[in-house]
Structure formats: C-alpha cells, structure tokens
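Residue numbers (this note's numbering), protein chains in the order written: chain A, 929 to 1198; chain B, 46 to 363; chain C, 4 to 553.
Even for Gly, the Cβ is constructed at its ideal location relative to N, Cα and C.
Below is one structure; the comments refer to it alone.
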Amino acid sequence: MRIPPSALIGLILTGVFIFSAIFADLLMPYAYDLPVGTQWEGPSATHWLGTDTIGRDILSRLIKGGQITIFVALAASILSFAMGSFFGFLAAVSGGWTDQILSRVCDLMMAIPSLIVALVLLSVLPLNLTVLILVMGVLDSTRVFRLARAVAMDIAVMEYVEAAKLRGEKWGWVIFREILPNALSPLVAEFGLRFIFAVLFISTLSFLGLGVQPPLADWGGMVKENKDGLSWGISAALVPALAIALLAISVNLVADWVLSRTSSLKGGRG
Amino acid sequence: MHPIVKLLVQRIALGLVLLLAVSAVIFLGVEALPGDTAQAILGQSATPQALENLRAQMGLDQPALTRYFNWLGGVMTGDLGKALTNGVDISQAIGQRLGNTLFLAGCAAVIAVPLALILGAVAARYAGRWPDKVISAVTLTTISLPEFVAAYFVIYLLTILFPVFQPVAMVFPGMSFWAKLQAVALPVIVLVMVVLAHMMRMTRAAILNVMQSAYIETAELKGLSPMTIIWKHAFPNAIAPVISVVAINLAYLVVGVVVVEVVFSYNALGQYLVDHVTKRDLPVVQAVGLIFAAVYIGLNIIADVTAIIANPRLRHPK
Amino acid sequence: MTSEKPLLEIRGLVIEATSYPPGEAPKNVTLVHGVDVTLQKGRVLGLIGESGAGKSTIGLSSMAYGRGGVRLTGGEILLNGREIREARPATLRQIRGREVTYVSQSAAASFNPSKRLMDQVIETSLSHKIMSKPEAEARAVMLFRKLGLPSPETIGSRYPHQVSGGQLQRVMTAMALCPKPDLVIFDEPTTALDVTTQIDVLAAIKEAIQDTGVAALYITHDLAVVAQVADEIMVLRHGKKVELGTTDQIINRPAEDYTKALVSVRGIEHDEKPEAPPLLRIDCVSARYAGTTFDVLKNISIGLPAGQTLAVVGESGSGKSTLARAITGLLPPTKGRIHFDGRQLSADFAGRSRDDLRQIQMIYQMADTAMNPRQTVGTIIGRPLEFYFGLKGSARDKRVQELLDQIEMGRGFADRYPAELSGGQKQRVCIARALAAKPKLIICDEVTSALDPLVADGILKLLLELQAETQMAYLFITHDLATVRAIADKIAVMYKGEVRRYGQKSDVLAPPFDDYTDLLLSSVPEMRLGWLEEVIAHRKANGTTSGNTV
C-alpha cells in the first residue's frame, strides 16, 4: 500500500497530538495552572515557549489544553456519531413515518447555524464540560444522520440485500452482514471530518468565553487569555492558534486520503 | 398556474413554515431547559416573594404558549421587548448594530464572491494541474482554520510585522463611508479568507460537474471554440449551481461574522449576541438568534429558488 | 473504385491511456495496437467487437479526439489527404463539425438541456459559416422529415427533455448531417433503444446515409445490426483487427474463428418439451406500486411446468420484471393467486416458510449489485448451504467446491471477492448461489443482457445443461427474442402490463400473429443482407407505420 507524503505527514502529526494528549500529565514540565515566571516571558531554556499573561508556562498549558481540546472534541464526535448513525440507519431501514419524523427534525435543526443554536442554548444551560459535549454532539449528529441515512438507503436497495431478504434472513444478518460492512468506510472518513469540526467548534466557543472555563485550559481559551499581548507584539496567543490549525490540517489530510481510498475502492476489498 | 410558479410558492411557503418552527424552537425549546429568567436577574439570594413579584411583572407566570404567541406578535410588529440586564429596548439596540453587521458582511461578500468565482473557474480550467493544486492546498489550509485563529494570524501579520492597519475596527454614526471602509478592512480580509475557500471549492466542483457532461463533448466535437463552449454550453448550465453555492456560502458568512466582530471589538449584532449570552440575557439572545436564523433561512431559500428557476426541465415542462 | 484517394486513411494507429489502479502507481495501457482503416467517399464501414475491443476509441480518432485522457500516440490519420493526428487545436476545430460529425449512443445526455433542439442542430452550420441561418433551418426541417420525426416543422423549438429517446436519437442524426459533412461516426446509435424503436431509427439512418451520400463509420457490438447498413465490416478484438471484409463475406463466409463465433452466436438449439401440469401457476394476478393509481400488471394468468423454461418477453415498461417481483413476494399482488407445487403461496415474501423461499431462487441482470462486494465467493455461495441445510465447516466447503465445479469455475475462486471476477464469472457465481438452495424454480431476470454475446452464450449453455441435470424450471425474463428462441419451452409476450400472447414456443412463434407480436418479432435484426429492406417493405405494404403505433 502506498501512502502519499501528505497523508504521511498528517498521520505523524496526528499521532504526536494524540500521544501528547494521552500522556499530558507526564509530559508537562510545570503545573499548568500556577504562575512559574513573570508575565509574558519570551522563549527560553527554562520555558521553551515562554510564559503567559499571568506567568504560567505556555508549553505546559499547551499540552494540558491539547488534552482537554482533544478529549472534548473526541467525546462530542463519538456522541454525534453514535446518535447520527443509529438514527440514520433506523430511518433508512424502517422508512415511512419514522423516517419522516426523524428527517424533519433533522431539517429543523440544520435550518439554524450550529453556532447560533449553541449560543442560544448556552445562554440558559450551565457551562461545564458535560453540557458542552452534549450540545456539540447533538448539534453535529444531524450531519452524521444525513450521511448515514443516505449511505444505508443506497445499500438497502442493492440487489444483494434483496437477495438476502428473499433467502429469509433475519434483520440482524441484513444489517450487520450485508449493510454495515459496506457503509463503514464512508462513515469512518466522515468521523475525521466531524472531529475537526468539533475541535474548531469547542475552540471557538472557548474563545468567545462560552466553552471550557478557567482554571482549566484549552487552546481556544488560551488564545482569548493572551490576545491582549498581541498589541504589544507578544506572540503568546499565536502558539495555541497554531496548534489548532496544525491539528485540524493534519486530521484533514488523513481524512482526505481515507476518503479518496474508499471512493476508488468501491466494490473492492478493504 | 405554471408548474414552476407552484414549485416556487411551495418552496417559499416551506421556508416560512421553517422560520416559524425555528422561532418556536428558540422560544419554547429554551423555556423547556433548566434555568429561570427571574432567578437569573435577581441572583441566588433572592427571596421567593421577590421572585414571585418579578415573574408576575414580566408575565412569566403565564403559560409558555401564551407567552410565545405574545412574543411572536411582538416580533411581527417590530417590538422585541426589553433587555433584562439594562432594560433597553431591544429593537432600538439592534437597529444600528444590524446596519454595521450588514455593512461588514456586505463588504466581505462584494470581494469574496467575484474572487471565489474567478479562482474556482481557474481551478476547474486547470483541474489536476499546478494552478489547481496550489489553490486546493491553500484553501484546504484556510478551511481548517477557525475564524478567530485566522483573524489573529492576519492581525499579527498586518499590524505587528507589517503595521499597515489598526487591530480594532471602530465605526460610529456620522463616520464617512471611506473612513468606515478603512476601519473594517482587517475584519473584511479575515471574512473573505474564511468564506472564500468553501465558495471556491464548491464553485470548482460545480463547474467541473458541468464540464464533464456529454453535451460538452458534443460541443467539442462540433469544432466550437473554447470560449463558445464555455459561454454557450457550460455557462447556462453552471449558473444555477454556482448561484446556489454563493447563497449557501453567504449563509456561512453569517456565522463567521459573529466571531470576527468579537475579535475586532466591532460594535455590531454578533458582538451584541455574544455579550448577552455571557450575561444570560435571554430576550436579547432570542431576538438576535431569530434574526440570524431568518437571514440564514432566507439565503437558503434563495439558493433553492435559483436552482428551480434555472432548471430547464422545470421551466419548460413536457 | 480504389483509384480515388480515400476519404479516411488510418495507418498503424496506436492509442494509449493511463489507468489509476487503487493503491498502486498509475500505469500505461495500450487500447489500440496498430490498426489500419481505409474508407472511401460515400461508403459505410462497420466497426464491430465486444466491450474493450477499442471500436469507439478508433471511431473518435478519425476526429483526432481522445475521450477522457486517451492519447493518440502513434500512426497516421489522414482525412481528405491531410494528417490530423498531431494537428493544432485550431485546425482540428476546422475539421470537427465541418468534415466529420458524431452521433453518440446516448443522445439524451449529448444534448445541452438548456437550449432548444433547433439551435443545437444548426449550430455547427452557422459557426463554421457553411450556410445562412434560414438555409440551415430549412435543411434541418428537411432532415427531420426524412428521419421520420413527428411535426418536423416545429419539433426544433422543443427542449431535449421534451422528446422521447428514439426521437432524440434521430434529432442527433439530423444534427450530424446538417452541416453536410464528408463523414459521420455513428457510435452505437440504436443500442440504448427498445427493439421496435431500434428498427425505425436504423431504417431512418440508413435512408439518410443513402440520400445524402455521406460516408460513415458505424460502430456497434451487434453484427446483425451492422450487416443492415455497412458495405464493409471490420471485426476488432482487444484493440487489434481480427478480420476485414465485405458485409456479405463477413456474415456468410467468415475466415477467422472469432468471427465465426460471433456470427453463430445464439446458434443454441433446444427441443421444446411437451405440455405438462404446471409447477408454478399464476391466476389473474394484478399489481401496482404503492402510491400509484394504475396497475403495472393486469390480470396475468400463466403457468410453468417442472423442468421447463417459460420465457417472458417484452420491451422496457412491459411489466416483465414486475411480474418477477410479484412471484417472489417483493410486490404483493393486489388481486389474484400464485400457486406453487400444488399449494398457494403467501402474497408477501415475509409470510412464506423458509422452504417456500428456498424453492424459488432468483438471478439478476447486474451480477455486480447482486453480490455483496465485502463477501468472498465462498461466503456468497456457502451462506444458502448454511442457512437452508445447516452445512458447516468442511462439509460446506466441499459443497461450495462442487458447486464451483458445476458452474465450470476452477479451484481457488472461493477466496476471491466479486471485484476480482470478470462479468461472466460473476454471473456464474450468482447461478451457483441459486443452485446451492436446490430450488425447483429459478427466476432469471435479464441475466444475459449486460454481457457480451459470446459470454452470454456460455451462460445460456450452462443454464440449459444445469436444467437437464437437475430438472429445475426457469422463468426467463428477457427483451431478447434470439435468447427466447434458444432456450424457451413456453413463451409469454408482455406489453403494457398485459400478456398479449402465451403458449408453447412453436405456437407463439408461428402465424397468425397479433399486431404487437408481429411488430416485435419482425423487429429483431436477422443476420442476413437485405433483411431491413424486406421488413420495411412488408410494413409499408401492410400499412403498419411502425414505431408511432407503439
């Protein structure tokens, strides 16, 4: 199997991010929530990336923030995936009224931009990680629902599914042996895209002050904390911004590759 | 009635129904969530009696459905109620800010739309060759950036490294048009960057889809010049999908505007919304949320309507 | 005749393309290996071959056009004495549409959906400044009339989606003839049409070619069709010339084995079995799709004895595939009963016992979509064994191998995936899957129509052998009368949801005919010279103006 260089870079970077998220507590050189220097020190041997607005070590906060960003985004995308694909398959397989109701609810949710809905909801709900994950996961599940429903519908009308039904197979075989194996690859590629969307979403909310709350750190929140330094030429805000961009781009590269592989693989073996 | 008129009426009616449903979700859905407006105003230490009085005063003791229809009636007549935090009339507060938001979004659209169409056409023309590859690599990057990250990169680049702009976009009534334009230059650049990538990629896909049809091959085999093929055969069929692309992306712009206004402290609707979400000022949030939703739905209706009008099968039924 | 300089002369043509296998480096494939073609003014050359023979690619090369990244890499292409393979784009634009024009298989996709037909038909004549607009329009109307289009004066003001497929194919022919070209390339112009429509379009094309004196390259996979229009025929295979000769010589005295095989295709003989009590009996069955208000099946009553073949023939929209869905219980009839093996079947398949389901198996037209791409051949064939007979492990594997032997596929196929098989092999695996259930009846829905003629012949022979061994009955749904002649014992002719004619094969295919069966039977191209003229003359004499009555 040939991996194109762009996908290889994406895979390596994504691996580094995931590794540092898992072992964040071991990798952090300092405590992430205590001042260990003066305000806005530049990069040095003791503080590789400098210090932030109240003198905390930026590298430590970046590692811890990455853990939280990735954890929240991952949890939200797993939730959106579980919900979206469950209801999507349900709508496609049962059809009729179930499909109508689920699809119309989905239309309604997609009729308003996610950020606006999130803002309206967060003006009422308490701000904690559980609420954030729930809000993001449920809002994003609409997109997974549409994809899962479309993919399952395409497969459900295939003659091999008809042949299985005519053989007298029960629904368990039809869904798990005939439909699911063929629906898996487009859904896996979609998972990457949903994850990126969740990273951007949680970062944006935190930046607006409506996401992860202090003293916890996440990348969007770090940009917000340090943005004032920018007018004095201090680039502390750019470090977490760069991390967000890098994570999003590397996952995008991997997802792009998976997507192109699965589309050329139609009918082949995976 | 011509079938196309029927379709259009249906689509617009559907849009209005959707808007109504959205208003219900914004009002009733939020009501159903835990949290109490009176409590939010008076704080945790309020006495039950004070809460009771405030609820009665605000009409909160009435059933939710009654309050929804009162609110809806108010929205129809332009009365959006008063803000909880400072008692200012919401309609008045919104008026000026809405103008500012539309000015910002409008400037971005005026630049982004033609640029996206030209770049999209160039990428489609050289599909798979270097101009296409460069354009896709750049747009893939900008798609991966949230608006505020793009904004701070631009700020760093254009106010610190090459100080040509002010990092804060202040506009106020009475400012000259030219001064206003200068003030919004940075946020406009950011918005253009963010919306351009999506719009360009979708334009490219729409054009390529048309260029790969069999009737384009027919035109080539007729010995027509490339310009004739593009103008007479590709363009009439590509125009509808492209207009849809533009409308959908202007709807994205609505979301981008919220964040960019906050970054640049631009006194407009998005900033106003975020401020009042933080203050948990529900009436303001509901009113502004509804306006954003209405613009979004409106643009999506426009996208669908153009697609219907431009479809020859619907325009000339059998 | 040959003293004159040829209109088109192709020498040593080599055509290549780049293929992109998934997960591998792109590689070069040669589609055409050094083919020579010579065509004199006003003559018609037929290019014939199976899929992948390179016939369309060669046809388009006479306009120096390579479709989808195809490159003309070697040899000479001389048109009117001028080399065009390496000509500049501006020169090519002068040639295309003025000297050579093109008629494609799918006219529906080849017309710009947002422009009126007339504008598209006369576009070339105007852009090349061949004639003025009124002249071009007058010529277009004349061609519309000659091609037998209804209301020739006004049809040009319609949009492509407003006329039928057969009509659109004729409008495209008019579009090709309008600028008075020297050469027209017809690329499978009647393949997508129903058989009764095909004959009209074919006759119209032939007449137009003769009247205008234009030369033509006629590309098709159907030897009987090309025999009606071509002066000479070139047989192609895998991008190489197999044989070139006059039409008479190719169809009556072929020299090469491959050509002989093509000519004798459907030469399968099959003795009709006598009448017997039915295994499957369909009584007054009507059916309609959910949400519609008209019956797609109207009062169907037919029967099929054990061990015999009932061919259900009809064109698209006749309801023949719907009949299969009614029998299998996918579309429960609104009225009527279906008896099988002496008992009444539940209308809905969900209400049938496992044994009832086992007894009736189905084979589909598209083997590609009939097999799960994520299952191996072993799983596909093995599942019915496991499901119906409880076979497991080595017993199952042994039986799978026996079935693979029965369909004449060797060892080692059990571990392969469908994507690794050829079209004919895929259809054989589908047959094995049906066979695995040991059914009494197999419903074959257009099982050969997606295959090349020689491969299709192999499948039909296999089906007949299996029937002789196992005494299975076949309900054979097809639009192809040659297939029907080859394998049927009984025939039902369907038209617009009704059975028009039904009985033993010898009775159904013998006169006197009803109008529709006559039209259908006489429309099937026969592989002999002069057949088309005979049919047209016969129809004119009988006053049946074909096509428009259907």
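- Counting along the chain, no beta strand (DSSP E) covers C:Thr94; the unbroken alpha helix (DSSP H) around it starts and ends at Pro92 to Ile98.
- In this structure, B:Val291 and B:Val158 form a Cβ contact; the two beta carbons are roughly 6 Å apart against a cut-off of 8 Å.
- Close to A:Lys1098, with beta-carbon spacing below 9 Å, lies no residue of chain B; the smallest spacing is near 38 Å.
- Exclusion of the five residues before and after C:Asp298 leaves Ser289, Ala290, Arg291, Thr337 and Gly500 as the residues of its chain whose Cβ lies within less than 8 Å of its Cβ.
- Note that the C-beta distance between A:Ile982 and A:Leu1144 is not below 9 Å.
- With a contact defined as Cβ atoms closer than 8 Å, C:Ile188 and C:Ser65 qualify at about 6 Å.
- C:Leu81 is the residue among C:Leu81, C:Ala67 and C:Glu53 whose C-alpha sits nearest the C-alpha of C:Gln43.
- If you draw a straight line from the Cα of A:Val1048 to the Cα of B:Ile353, it comes to about 33 Å.
- Using a Cβ-Cβ cut-off of 9 Å, C:Phe392 does not count as an interface residue toward chain A, since no Cβ of chain A sits closer than that to its own.
- Around the beta carbon of C:Phe479, a 10 Å sphere encloses 16 or more other beta carbons of the protein chains shown; the residue is thus reported as buried.
- A:Ala1176 carries a helical assignment under DSSP once its states are collapsed to helix, strand and coil.
- Annotation: Cβ neighbours of C:Leu333 in chain A (cutoff 9 Å, chain order): Glu1090, Lys1093 and Leu1094.
- Between A:Ile991 and A:Leu941, the beta carbon gap of about 15 Å keeps them out of contact (Cβ cut-off 8 Å).
- At least 9 Å separates the CB of A:Thr942 from every CB of chain B.
- For C:Arg503, the closest alpha carbon among the candidates C:Leu463, C:Ala495 and C:Ile222 is that of C:Ala495.
- Counting C-beta pairs with one atom in each stretch, the stretch 1173-1186 of chain A and the stretch 1150-1157 of chain A have fewer than three that are closer than 8 Å, which means they do not touch.
- Listed as beta-bridge partners of C:Pro281 by DSSP are C:Pro308.
- Taking a contact to require three or more Cβ pairs closer than 8 Å, the stretch 328-339 of chain B and the stretch 121-139 of chain B qualify as touching.
- In the DSSP annotation of this structure, C:Ser425 is not part of any alpha helix (DSSP H), being labelled neither H nor E.
- Going by DSSP, C:Thr473 is part of the alpha helix (DSSP H) stretching over Pro456 to Thr473.
- Taking a contact to require three or more Cβ pairs closer than 8 Å, the stretch 440-448 of chain C and the stretch 351-365 of chain C qualify as touching.
- No Cβ-Cβ contact shorter than 9 Å links A:Ile1061 with A:Ala1084.
- Spatial neighbours of B:Ile293 in its own chain (CB-CB distance under 6 Å, excluding positions within 5 residues in sequence) are listed in chain order as Ala348.
- Going by beta carbons, C:Leu407 and C:Ala417 fall inside the 9 Å limit.
- Under the three-state reduction of DSSP, A:Glu1106 is assigned to helix.
- What A:Glu1087 touches in chain C, judged by beta-carbon distance under 8 Å, is Tyr367, Met369, Thr372 and Ala373, going in chain order.
- Along the stretch 273-290 of chain B, going in chain order, the ones with a CB nearer than 8 Å to a CB of chain C are Thr273, Lys277, His278, Pro281 and Asn282.
- Taking 7 Å as the Cβ-Cβ cut-off, the stretch 1099-1123 of chain A approaches chain C at Glu1106, Pro1109 and Asn1110, given in chain order.
- Residue pairing by DSSP puts C:Ala218 in a beta bridge opposite C:Leu186.
- Comparing alpha carbon positions, the residue from C:Asp251, C:Met178 and C:His342 closest to C:Leu282 is C:His342.
- One finds Gly1096 in chain A with Cβ atoms closer than 8 Å to the Cβ of C:Arg357, taken in chain order.
- Going by beta carbons, C:Glu126 and C:Val144 fall outside the 9 Å limit.
- A residue is called buried once 16 or more other Cβ atoms fall within 10 Å of its Cβ, and A:Phe951, having fewer, is exposed.
- For the 9 Å CB-CB criterion, A:Gly994 and A:Ser948 form a contact.
- Assignment of C:Ser22 by DSSP, reduced to helix, strand and coil, places it in the strand class.
- Looking only at C:Lys276, C:Arg414, C:Ala195 and C:Arg377, the smallest Cα-Cα distance to C:Asp225 is reached by C:Ala195.
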